[in-house]
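Since the structure comes first, as structure tokens, the remarks are kept for the end.
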Amino acid sequence: MLPVQEKITYRLVRSRRRTVMVKVEPSAAVVVRAPLSMNAQAIDFFVQKNQQWIVKKICEARARRSMIPPRTSPRQVYLRGDLLSWGWQDADVILPPEVTEANAHKWLARWQRRQAESHFGRVINEFLPHLGVSALRYSGFSMRKMRRNWGLCGASGLITLNEHLIRTPDICIRGIIVHELCHLVHFNHGPAFHAMVADILPDHRVADALIDAWTMILDEKYES
Ligand SMILES: [Zn+2]
């Protein structure tokens with residue numbers, strides 16, 4: 001918990017906007033966006049006035065962060081919730097000798113994609129039978145690197161999964177895949193949809209909470 005007397009420090013971004021707004025980023029950093037003409041005291045006053053809400057958001061962001069194993073070296077990649085080391089020897093992921101330091105990240109991106117493709121395929125096949133006859137609407141899956149979405153379900157029955165989903169724990173991968181598969185039956189987020197998700201994946205709430213935490217890695221700028 002943030003001590004009450006701790007003064008909130010924030011990054012100020014001024015622009016041609018008409019209102020002031022505050023946002024707590026996944027890293028727990030506070031960003032205040034303000035109009036060009038607004039004076040510093042008024043901005044400070046605004047932040048103080050919203051202190052309680054900001055502190056709550058900072059605590060939530062820190063709690064989410066603590067659920068993710070932190071990288072301790074640049075030579076680490078996330079895979080299914082674990083941090084794996086990579087290198088040319090004595091590592092979890094061994095790179096072929098012809099791969100150089102300069103193109104290691106490219107190789108790792110391709111490696112991650114292969115892992116994602118086979119694992120997502122397995123999980124989809126595991127859950128498809130639960131959809132009954134609606135499974136016939138499934139027309140396959142594709143993968144993309146997305147900044148804002150973990151998964152999408154198209155009207156044509158094609159499921160698109162975020163390639164980075166392979167970095168998150170298995171429960172998250174199952175949660176997202178079950179969510180998208182249930183859209184093959186219910187193309188909305190109504191009660192029938194939620195009932196179906198709960199029926200197929202009873203611990204979907206754990207998946208939802210955890211995936212929220214992992215969403216911050218989508219904003220993290222590192223390899224691939
Ligand atoms: Zn949905």
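As numbered in the working numbering, the sequence shown has no gaps in its residue numbers, which increase by one up to the final residue, 224.
For every residue, glycine included, the Cβ atom is placed at its ideal position computed from N, Cα and C.
Nothing here was measured: the structure is a model prediction, and the numbers come from that model.
Using a Cβ-Cβ cut-off of 7 Å (strictly less than) and excluding sequence neighbours within five positions of residue i, which residues of its own chain qualify?
i	result
Q51	I8
M67	L210 and A213
H179	G151 and V197
For residue i, write down the residues that DSSP places opposite it in a beta bridge.
i	result
L95	According to DSSP, which records beta bridges pairwise, L95 is partnered with nothing at all.
W86	V93
M143	L161
S15	P35
L218	DSSP lists no partner for L218.
L79	D82
Between residue i and residue j, how many whole angstroms is the CB-CB distance? I'm expecting something under 8 Å.
i	j	result
I166	L79	6 Å
V47	V32	6 Å
L184	G157	6 Å
R75	W88	No, R75 and W88 are not in contact; Cβ-Cβ is about 10 Å, not under 8 Å.
V24	K57	4 Å
R14	A34	6 Å
Need the endpoints of the beta strand (DSSP E) that residue i sits in, please.
i	result
A34	V30 to P35
S118	No beta strand (DSSP E) holds S118; the alpha helix (DSSP H) holding it covers A104 to F127.
K236	As displayed, the chain neither begins before 1 nor continues past 224, which places residue 236 out of reach and without an answer.
Within the present structure, is the beta-carbon of residue i separated from the nearest heavy atom of ligand 1 by less than 7 Å?
i	result
H189	yes
R183	For clarity, residue 183 is His in the given sequence; the question names Arg instead. For ligand 1, at least one heavy atom lies less than 7 Å from the Cβ of H183.
H194	no
H204	no
H179	yes
Can you name the start and end residues of the alpha helix (DSSP H) that residue i belongs to?
i	result
I200	P191 to I200
G154	It is not in any alpha helix (DSSP H) - G154 carries neither H nor E in the DSSP assignment.
Would you say residue i reaches chain B, if we count a Cβ-Cβ gap shorter than 8 Å as a contact?
i	result
K57	Among the protein chains of the structure shown there is no chain B, as only one such chain exists.
Give every residue of the same chain whose Cβ lies closer than 6 Å to the Cβ of residue i, excluding the five residues on either side of it in the sequence, and list them in chain order.
i	result
K145	E163
Excluding the five sequence neighbours on either side, which residues of its own chain have a C-beta within less than 8 Å of the C-beta of residue i, listed in chain order?
i	result
F120	F141, M143, L161, L165, I166, I173 and I177
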